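Accompanying notes for the structure given below.
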Amino acid sequence: MACDDWPMFRQCRLVHVIGRFREWHHWLVVNIPGNKVAQGETLSEYIGAGPPKGTGLHRYVFLVYKQQGKISDRDHGHLTNRSGSGRGGWSASKFAKKHNLGDPVAGNLFQAQWDDYVPKLYEQLGG
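Residue numbers for the sequence shown, in the working numbering: 22 to 148.
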């Protein structure tokens, strides 16, 4: 995904920005060796875009940080892509501060709105 073209970076995440100060994170990978995202440590498995019906466009932001060392975060744990539990109210900036990541070194974004796939995603998440 967005991180594959950035060989010197060690962390990438997809954050869904809801409103002005609310985030719901869809994906979190740390300790990526070079540009081999699949070989990184996935803390939060990927969940695709699923905006609720009638809420218009939502912004989805990929943020890439350069790690100074290995990240181990027992508080975060491992989140599967079968539940949305533990993903709302999350803060990319707090995670970056906790792990001394500084500012993002790269990013990308896309916008999405409700479509026919969203009910399938909600079913996958148990709701």
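The beta carbon of each residue, even a glycine, is placed where N, CA and C say it ideally should be.
Predicted model, so just to flag it, every value in this text is computed and none were measured.
According to the DSSP assignment, Glu144 belongs to the alpha helix (DSSP H) that extends over Val139 to Gln145. Residue environment analysis places His99 among the exposed positions, since fewer than 16 neighbouring C-beta atoms fall within 10 angstroms of its C-beta. The residue among Ala70, Gly90 and Arg95 with its C-alpha nearest the C-alpha of Phe131 is Ala70. In the DSSP assignment, the residues bridged to Val51 are Glu62. Bridge partners of Gly109 according to DSSP: Trp45.
Looking at the backbone, the Cα of Asp96 and that of Gln134 are separated by about 32 Å. DSSP lists Val85 as the bridge partner or partners of Ala127. The criterion of a C-beta distance shorter than 8 Å is not satisfied by Tyr67 and Asn121. At a Cβ-Cβ threshold of 8 Å, Leu64 and Leu84 do not count as neighbours.
Note that the C-beta distance between Val51 and Gln88 is below 8 Å. As the crow flies, the alpha-carbon of Val126 is around 12 Å from that of Ala117.
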